[in-house]
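Reviewing the structure listed below.
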Amino acid sequence: MAKLIFLFLTLIPILCTSFTPEKPSDQRILVLLDDFAVKSSHSLFFKSLQSRGFDLDFKLADDPKIALQRYGQYLYDALVLFSPTIERFGGSIDAAAILDFVDSGHDLIVAADNNASDLIREIATECGVDFDEDTSAVVVDHSGYAVSATEGDHTLIASDDFIKSDAPVLFQGIGHSLNPSNSLVLKVLSASPTAFSANPKSKLTSPPSLLGSSISLVSVIQARNNARILISGSLSMFSNRFFNSGVQKAGSPTKHDKSGNEQFFTELSKWVLHERGHLKAVNVQHHKVGETNEPSIYRINDDLEYSVEIYEWSGKSWEPYVADDVQVQFYMMSPYVLKTLSNDKKGHFFTSFKVPDVYGVFQFKVEYDRLGYTSLSLSKQIPVRPFRHNEYERFIPAAYPYYGAAFSMMAGFFVFSAVHLYNK
Amino acid sequence: MAVTDAQTSLRHAFGNVLAFFILILIGVLAFSIRLFSVIKYESVIHEFDPYFNYRVTQFLTKNGIYDFWNWFDDRTWYPLGRVIGGTVYPGLTLTAGTLWWILNSLNIPLSVETVCVFTAPIFSAFASWATYLLTKEVKGTGAGLTAAVLLAMVPSYISRSVAGSYDNEAVAIFALIFTFYLYIKTLNTGSLFYATLNSIAYFYMVCSWGGYTFIINLIPMHALLCIVTGRYSSRLYIAYAPLIVLGTLLAALVPVVGFNAVMTSEHFASFLVFILIHVVALVYYIKGILSPKMFKVAVALVVSGGLAVCFAMIAVLVAMVASSPTMGWSGRSLSLLDPTYASKYIPIIASVSEHQPPTWPSYFMDINVLAFLVPAGIIACFSPLSDASSFVILYIVTSVYFSGVMVRLMLVLAPAACILSGIALSQAFDVFTRSIKLQLPSLSVDSPVDAGDASSESVVPDDTVKTDKTEDTQKERTSKKSRSRKSSSESVEKPPSKLQIKKRLSVLPLETSIIAIVLLVFLGAFYVVHSVWAAAEAYSAPSIVLTSHSHDGLHVFDDFREAYAWLSHNTEVDDKVASWWDYGYQTTAMANRTVIVDNNTWNNTHIATVGTAMSSPEKAAWEIFHSLDVKYVLVVFGGLVGYPSDDINKFLWMVRIGGGVFPHIKEPDYLRDGQYRIDNMATPTMLNCLMYKLSYYRFVETDGKAFDRVRRTEIGKKYFKLTHFEEVFTTHHWMVRIYKLKPPKNRIRGKTKKSKSKANPKTVSKRKELKRNPF
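Chains as they are written, first to last, in full-length UniProt numbering: chain W, 1 to 424; chain B, 1 to 775.
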């Protein structure tokens with residue numbers, strides 16, 4: 001009996017958390033730290049997460065008890081790796097486990113830093129982010145640095161590329177490069193054209209491998225299964241110190257009281273943790289014009305109507321998605337019909353078209369990939385048949401002479417036979 | 001006189017009753033000799049095409065004939081689909097469906113599969129009865145019975161009609177023989193009733209098999225022969241003209257034939273002869289009403305004017321036919337006329353083993369002693385030559401030619417061989433028994449001296465009994481010539497039917513007759529033994545279940561059904577399975593999964609696409625398959641158990657067919673010095689192609705050496721990994737291997753190489769620094 005109750009009690013959290021199919025935002029987040037000091041030094045970032053309703057679970061990265069999954073179920077929806085120097089995780093976690101975690105649709109925030117470990121670099125590489133191979137190199141920018149009282153090596157960078165923010169974002173750490181052919185990864189914060197990646201302590205003997213605005217400071221990745229990853233070259237960007245410090249970009253007269261970091265990461269974490277930019281498509285319907293039931297097969301040249309409802313997650317509720325670039329394909333090896341869907345501003349997208357004069361197994365395909373949104377890929381298979389034997393026209397006007405010929409021939413033959421046989 | 005009449009009619013009655021029972025026994029024999037497959041294996045559909053027919057029959061019984069007619073099948077030829085109703089010969093399916101329906105309405109609840117399994121044996125019984133009828137029309141009851149019993153167990157026909165071999169040929173051979181019978185019957189009687197029946201039988205044949213073109217060419221050939229040899233009669237006209245008119249109209253009703261019945265070259269011969277026979281009829285009519293002198297004048301007039309018109313028309317016709325690239329002939333027909341055509345232009349036809357020319361042993365295997373009896377039968381047909389017997393001669397001559405082009409057409413040869421052998425055997429028996437009968441009551445009486453069989457070259461003058469088209473031809477058989485010279489192969493069993501009933505009986509010596517009869521019986525016994533062996537051993541294997549005998553007993557390889565059952569239980573309903581086209585029908589019927597290509601090879605490009613994918617390296621193949629929405633790839637591999645007809649042995653055809661459409665696939669890339677090999681001398685293209693990889697993936701784990709027991713060699717590349725495919729199922733004997741396409745990578749990796757030695761990553765990075773410093 002006690003065992004049963006125990007079992008029941010252990011089941012409760014699983015049961016409770018598993019009933020959230022309608023909420024795409026993450027719930028439970030595992031935060032892995034190098035040491036617990038980070039928890040307090042970065043508390044503003046964590047607080048902002050907690051205030052948005054996330055359940056944070058802080059663990060040391062080498063804690064032997066940490067585990068991402070138990071009995072095949074993932075215990076967390078997202079993972080924050082604030083442990084740039086870790087060489088080996090505790091428990092059952094390793095790089096492959098983390099990548100599997102991502103491949104099963106969960107999110108990941110990785111912060112590297114100077115002297116980031118090979119493990120962190122490997123995870124980043126697997127996601128398509130190449131940190132500078134030179135482990136001692138950091139991003140230096142002699143013109144875009146932040147004016148600072150204490151540091152003079154220009155490694156503290158104030159960057160305002162790609163972001164709409166009043167104040168620049170402070171960055172101090174290592175840079176990385178992206179493969180331009182990689183369509184999944186996106187620079188969100190890049191270095192200025194004057195930046196380079198090198199060891200500031202030593203003399204520069206050869207040209208640095210990473211140069212200018214090809215250096216990415218913070219990148220996001222949306223995997224094909226819509227898992228989102230944030231990789232930053234700097235852990236201190238998230239810290240309370242950077243969040244709160246004022247910033248003045250070198251050469252710029254304005255001095256901001258507060259850096260853009262807090263706003264930057266709040267918005268970015270909203271995106272990464274699926275509070276923003278998450279679409280869902282429901283209620284895909286198609287039917288012949290004038291009917292409501294979905295047929296199992298269409299005939300060539302049928303007129304049909306196709307509709308789908310698309311909603312966007314606002315963080316709290318599903319709001320109708322409004323766009324005029326959603327297209328549907330009627331596809332069999334290549335699109336035979338490509339139509340832009342019209343919408344009624346309530347999330348209902350619809351169109352109507354004529355089935356092409358080709359039979360085969362078609363698909364209704366909606367492939368919607370927009371920057372910042374989860375990609376929608378809907379396909380619904382539907383066969384298209386040719387005419388039935390009794391769906392052709394019975395009498396063709398052009399053939400009336402031939403009908404006449406045939407019948408007059410028959411009549412003539414009959415008369416001829418009668419005359420021939422009985423008119424001796 | 002009245003007494004003898006009564007006696008004869010009594011004997012006739014006895015003979016008829018006896019013949020009736022013999023026919024029933026022949027039917028039982030024909031049916032039961034084909035049950036070896038059910039007894040030795042199980043009641044199961046065989047091979048490849050029968051599975052499709054079975055699936056169609058199931059659809060028919062479930063949905064009715066109209067839905068069957070309009071059936072658009074979306075589970076084959078993905079994504080093109082196939083209009084089954086318009087591309088299938090419906091005769092077999094309708095027959096079995098009707099059988100099932102009758103049985104069910106009689107409250108005999110047989111499953112559709114059972115009916116399908118036993119359709120072929122039932123129809124082979126019908127076929128032997130039809131053979132009896134046909135041969136009876138040609139040479140009388142005795143020959144008919146002999147031919148029927150020969151046909152009941154001719155191995156060639158057994159190979160296509162064992163229980164479970166549910167294919168078009170099962171009913172088509174019956175339809176073929178029956179159509180010929182009705183043609184001959186009409187020719188002999190001149191009855192319009194039989195002519196109408198004939199066109200209906202022809203319609204059934206058109207419904208059943210593409211081989212109907214044989215009929216529609218053979219009958220015109222025979223009509224032409226009759227006209228040319230001056231045998232034109234009103235009976236010929238009645239036998240021919242209604243068949244062409246009604247038959248063509250009816251044939252055009254079959255959706256798969258449609259307008260082909262008047263538009264393709266296969267049918268032109270019948271129309272030309274149709275015109276000709278009318279011209280001839282007109283000429284005969286005019287000849288009848290005009291005086292000979294007037295007739296000559298008319299001929300001169302018509303010939304001069306008519307020839308010009310004729311030539312003009314022929315020129316137009318030839319120009320029209322020649323303007324189409326294949327001269328209006330379909331590929332299969334062309335490869336019949338020009339045996340090298342298929343191998344030159346259409347690899348997909350040449351790739352089918354039953355489209356290859358047969359070897360000599362296969363003649364002995366498939367028609368056995370009939371091969372020796374046929375010449376004797378031909379000679380018997382020449383004495384006397386009637387319209388009917390000339391038809392049989394024409395039939396055997398053409399079918400021998402066709403069987404020499406394509407091994408599957410041996411099936412058309414088999415009935416002809418049976419008919420002629422039946423005639424030969426029955427004539428020989430006739431001669432010998434008659435000699436014995438005439439000598440037995442008067443043993444002491446003088447034995448005719450001049451009847452030495454081999455030496456008798458006495459050419460008996462012809463009776464030229466041309467009038468006797470009636471039934472008594474077979475009673476009063478008069479021999480014309482003895483041509484013992486020709487029958488050099490067996491002079492013993494074929495002493496010419498040299499019997500003359502005038503006054504003097506030229507009979508054979510008693511001893512010779514008895515010995516000859518004994519030898520003939522031995523010959524027949526040998527044939528029976530061979531046929532039963534062929535039915536039991538050679539042709540009863542269903543080919544989806546394989547067995548092998550080894551020193552420790554019988555092994556059963558049920559891998560195919562294992563694989564298909566796995567597919568049907570472990571994959572989604574709409575998943576697409578790619579395999580070489582041989583396995584398409586079985587996959588749709590047994591696993592109920594959508595396939596890309598199947599045995600109905602109507603779209604060469606689609607098959608070439610699959611062939612190209614199989615011949616490509618993994619990544620390219622993945623892309624091809626992915627574009628076709630393929631989820632699983634199925635390959636058949638016989639290397640572990642020594643199953644020779646596996647995909648590696650068929651692979652060169654995939655390369656050829658693929659290369660025929662996609663020229664970047666080149667056959668020489670897969671051959672080392674013109675040799676096809678998979679050992680360590682194989683070319684890199686071969687070792688990297690998808691088919692090699694899917695066949696031999698993890699093969700080395702079986703015996704450590706990766707020894708292929710079909711190719712009898714160790715394979716060339718033993719250890720490799722699959723990047724774009726993953727193995728999901730391999731059957732017990734490794735005969736079927738199923739792979740799943742990996743989904744596209746969730747993430748795209750960066751450029752940096754993974755550091756291999758994870759244990760000492762520091763040293764790796766140190767080394768990199770060292771490398772960099774010198775600059």
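Positions of the beta carbon are idealized from the N, C-alpha and C atoms, including for glycine.
These figures come from a predicted structure and were not determined experimentally.
Asked	Found
Between the CA atoms of A621(B) and D552(B) - distance to the nearest angstrom	42 Å
is_contact[R224(W), chain D] using C-beta, thresh 8 Å	The structure shown contains no chain D; the protein chains it does contain are W and B.
Residue nearest to I184(B) in terms of C-alpha spacing, selected from G164(B), A130(B), F203(B) and N168(B)	A130(B)
Neighbour flag for N343(W) against chain B, beta carbons, 8 Å	no
Whole-angstrom C-beta distance between P357(B) and P339(B), which should lie under 8 Å	7 Å
Contact under 8 Å by Cβ, S159(W) with A250(W)	no
For R299(W), the nearest candidate out of F330(W), Y359(W) and A281(W) (CA to CA)	Y359(W)
Residues near H267(B) in its chain [Cβ-Cβ closer than 8 Å; skip 5 each side]	T213, I216, T248, N260 and A261
CB contact below 8 Å: F72(B) versus chain W	yes
Per DSSP, cross-strand counterpart(s) of Q381(W)	Q363(W)
Nearest neighbour of T730(B), chosen from D708(B), T702(B) and P743(B) [CA to CA]	T702(B)
S206(W) classed as buried or exposed, judged by whether at least 16 other C-beta atoms fall within 10 angstroms	exposed
Where the region 110 to 143 of chain W meets chain B: residues whose CB sits under 9 Å from a CB there	S117, D118, L119, R121, E122, A124, T125, E126, C127, G128, V129, D130, F131, E133, D134, T135 and S136
Range covered by the beta strand (DSSP E) that runs through S550(B)	L546 to S550
C-alpha distance - L150(B) paired with T141(B), whole-angstrom precision	14 Å
4-residue-minimum alpha helix (DSSP H) runs that sit fully inside the region 215 to 266 of chain W, ordered along the chain	240 to 244
Amino acids of chain W, ordered along the chain, whose beta-carbon sits closer than 9 Å to that of W69(B)	R388 and H389
Beta carbon proximity, K754(B) to chain W, threshold 8 Å	Bear in mind that the predicted position of K754(B) carries a pLDDT of just 47, short of 50, making it too unreliable to give a figure here.
Min CB distance Y78(B) to chain W below 8 Å	yes
Test: Q7(B) CB closer than 8 Å to a CB of chain W	no
At least 3 beta-carbon pairs within less than 8 Å: the region 82 to 91 of chain B vs the region 622 to 640 of chain B	no
Contacting positions in the region 277 to 288 of chain B - beta carbon closer than 7 Å to chain W	none
Neighbour flag for A405(W) against chain B, beta carbons, 8 Å	no
CB of F36(B) within 8 Å of CB of A536(B), strictly	yes
Cross-chain neighbours of K751(B) in chain W, by beta carbon under 7 Å	D130 and N179
Contact list for D574(B) against chain W, beta-carbon separation under 8 Å	Q381
C-beta contact flag for L634(B) and S579(B) at 8 Å	yes
Residue burial classification, D153(W) (beta-carbon count within 10 angstroms, cutoff 16)	exposed
Within-8 Å CB hit, S487(B) to chain W	Confidence at S487(B) is low in this model, with a pLDDT of 38, below 50, so the placement of that residue is unreliable and no value is reported for it.
Outcome for W360(B) when other beta-carbon atoms lying within 10 angstroms are tallied against a minimum of 16	exposed
Integer Cβ distance of L235(W) from D113(W), believed to fall under 8 Å	4 Å
Contact set for D446(B): own chain, Cβ-Cβ below 8 Å, skip 5 residues either direction	Because the pLDDT of D446(B) is 44, which lies under 50, any placement of that residue in the model is unreliable, and the number read from its coordinates should be weighed accordingly. For D446(B), where only same-chain residues beyond five positions count, there are no Cβ hits under 8 Å.
Residues of its chain near D594(B), where Cβ-Cβ distance is below 8 Å and the 5 sequence neighbours each way are ignored	For the record, residue 594(B) in the displayed sequence is Thr; it is not Asp. Here the set comprises D74, R75, T76, Y78, D574, D575, K576, V577 and T588.
Interface partners of R385(W) on chain B, CB under 7 Å	F72
Neighbour list for residue 456(W) in chain B, Cβ cutoff strictly below 7 Å	For residue 456(W) there is no data in the structure shown, the boundaries of chain W being 1 and 424.
Residue span of the beta strand (DSSP E) that contains E562(B), given as start and end	Taken as a continuous stretch (DSSP letters only), E562(B) belongs to no beta strand (DSSP E), being part of the alpha helix (DSSP H) at D559 to N570.
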